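Novice:
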Amino acid sequence: MSWNEWVYLFLGLLLGLSLGISGSWFLGKSKRSLVNANIANAPTTEQKPSTADRNEILALQSQLQQSQIAYQLARKMCQFKAGFLTRTAHELRSPLNSLIGLHQLILSDLCDDPAEERTFIAQAHQSALKLMNLMDRAIDVSRLEHGRSQLEIQPINLAALLTDVYNSTYLIAANRNLRLQLSLPEIETYVLADPRWLRQVAIDLLDICLTQMPEGKILVSTHPYLATNEMAIWLDAELPHQIWSDSIDLSQSDRLSPLAIEDFAFSPGMILLLAQTLLDLMQCRLEILSIPNSTSIDEEHESYTRLQLTIPLVILEPETVSEATEN
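Set out below in structure tokens:
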């Protein structure tokens with residue numbers, strides 16, 4: 066082959082190679098563009114939820130949380146009901162046993178003469194009346210809790226109420242050589258509660274302190290919490306906070322204290338339970354605080370107990386104040 070033929074052949078091969086490379090590059094680019102387009106247009110499996118979906122998820126989470134809270138409250142209430150029933154049965158067992166013992170003495174002809182028999186009958190009758198009184202108190206609280214009886218929530222003049230409580234208990238304190246001090250709030254201070262049951266709770270708590278204290282003083286004072294629109298009644302007594310604690314297993318002890326059996330009265334734990342139930346129904350709170358007494362030298366009184374009753378405050382108009390005073 067001549068030189069020119071070799072030149073033409075080389076140029077042809079070069080031109081064919083160039084066209085092949087260009088075509089391959091063009092086809093590859095076209096395929097990549099098509100694939101990218103398909104990927105872009107294809108539906109994605111991990112799309113972000115819309116605003117409506119997010120709101121629905123938040124609503125479901127809130128409902129689940131409320132259901133969990135309701136379940137815990139229902140569980141606590143069931144435990145409280147069971148504890149209340151157990152406590153009531155335990156409190157009434159010892160007085161009832163004493164009443165049965167008196168009847169057994171009479172029925173077994175163990176009396177020396179008819180006069181002694183009548184004495185036992187009279188004692189049994191008085192015991193039955195006192196036992197019925199205890200049962201009535203527990204039943205009244207139970208009716209209020211179940212809505213069968215209604216509380217009379219109304220504005221109460223706190224100074225007048227505390228004065229009434231003081232007048233009903235200061236003689237008992239004086240007979241026991243105890244000092245009962247009262248610090249009154251302002252005259253126009255009104256709280257929202259049932260006057261009958263709030264008075265009963267205050268007297269019951271004071272009575273526990275008076276019966277459990279061998280000596281010392283009890284201070285009743287008031288402290289307003291304006292930030293939360295509440296009034297706190299402090300009852301400070303020289304008692305350890307353990308006096309308000311009871312055994313978890315009531316079956317460990319079949320007998321109450323001798324004082325409770327003799328007077329046919331509820332124990333401090335039972336009275337505290339009734340008071341707590343009544344205050345909860347009136348939207349009030351009861352807290353027991355153990356506060357160290359740095360001024361006391363006696364180790365037995367190194368701490369004293371503060372019972373704090375928190376009651377909603379109410380601000381009345383002048384016309385309403387006059388009506389409440391008349392009532």
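66 is the number of the first residue of the sequence shown in the working numbering; add one for each residue after it. Glycine residues also receive a C-beta, built at the ideal position from the N, C-alpha and C atoms. Computed from a predicted model, the values in this text were never measured in an experiment.
Once you ignore the five residues that flank N198 on each side, which residues in its own chain have a CB closer than 7 Å to its CB?
Specialist: Answer for N198: no residue qualifies.
Novice: Which one of L161, A189, L157 and L291 has the shortest CA to CA distance from I171?
Specialist: A189
Novice: Starting from the Cα of M200, find the closest Cα among L275, L226 and R152 and give me that residue.
Specialist: R152
Novice: Please state if the CB of P377 and the CB of E295 are separated by a distance shorter than 8 Å.
Specialist: In this structure, the beta-carbon distance from E295 to P377 falls below 8 Å.
Novice: So is I273 buried or exposed if we call it buried at 16+ other beta carbons inside 10 Å?
Specialist: buried
Novice: I'd like to know whether the C-beta atoms of L245 and I283 end up nearer to each other than 8 Å.
Specialist: Yes, these two residues count as a Cβ contact at 8 Å.
Novice: Rounded to whole angstroms, what is the Cα-Cα separation between D363 and E280?
Specialist: A caution first: D363 carries a pLDDT of 43, below 50, which makes its placement in the model too unreliable to give a value.
Novice: Here's a check: name, in chain order, each residue in its chain whose Cβ is nearer than 7 Å to the Cβ of T342, leaving out the five neighbours to either side.
Specialist: V206 and E210
Novice: Can you list, in chain order, the residues of its chain whose CB lies under 8 Å from that of L196, leaving out five sequence neighbours each side?
Specialist: L157, P160, L161, L164 and F329
Novice: Using three-state DSSP, classify P160 as helix, strand or coil.
Specialist: helix
Novice: One question on the structure: do I268 and S233 come within less than 8 Å of each other, judged by their Cβ atoms?
Specialist: yes
Novice: Going straight from the alpha carbon of D301 to that of R261, what length do you get?
Specialist: 23 Å
Novice: Using the rule of at least 16 other Cβ atoms within 10 Å of the residue's Cβ for burial, across every protein chain shown, is T293 buried or exposed?
Specialist: exposed
Novice: Let me know the secondary structure DSSP gives Q215 once reduced to three states.
Specialist: Correct three-state label for Q215: coil.
Novice: Tell me, please, which residues DSSP counts as bridged to Q373.
Specialist: W299 and E352
Novice: Among the residues of its own chain, which have a CB less than 7 Å from the CB of A258, if the five just before and after it don't count?
Specialist: Hits under 7 Å: I218, I221, M347, C349 and I376.
Novice: Here's the rule: buried if 16 or more other CB atoms are within 10 angstroms of the residue's CB, otherwise exposed. What is A124?
Specialist: exposed
Novice: With a CB to CB cut of under 6 Å and the five nearest residues on each side skipped, what residues in its chain are close to N120?
Specialist: none
Novice: Nearest-angstrom Cα distance between S127 and A117?
Specialist: 15 Å
Novice: For Y290 and I298, I'd like the C-alpha separation in whole angstroms.
Specialist: 11 Å
Novice: Starting from the C-beta of T287, find all residues in its chain whose C-beta is less than 8 Å away, skip the five residues before and the five after it, and write them out in chain order.
Specialist: Within the same chain, T287 has close Cβ partners L223, L227, S248, L249, P250, T254, M296, A297, I298 and W299.
Novice: Reducing DSSP to helix, strand and coil, say where L381 ends up.
Specialist: coil
Novice: Going by DSSP in three states, I204 sits in which element: helix, strand or coil?
Specialist: helix
Novice: Could you check which residue in V285, Q265, V266 and P305 has the C-alpha nearest to that of Q277?
Specialist: P305
Novice: Apply the 10 Å Cβ neighbour rule to L374 and answer buried if 16 or more other Cβ atoms are within range, or exposed otherwise.
Specialist: With 16 or more other Cβ atoms within 10 Å, it is buried.
Novice: Rounded to whole angstroms, how far is the Cβ of L263 from the Cβ of I237, which I believe are closer than 8 Å?
Specialist: L263 to I237, Cβ: 19 Å. No contact.
Novice: Shortest alpha-carbon distance to A154 belongs to which of L381, N242, A203 and C176?
Specialist: A203
Novice: Looking at A340: is its Cβ nearer than 8 Å to the Cβ of L351?
Specialist: yes
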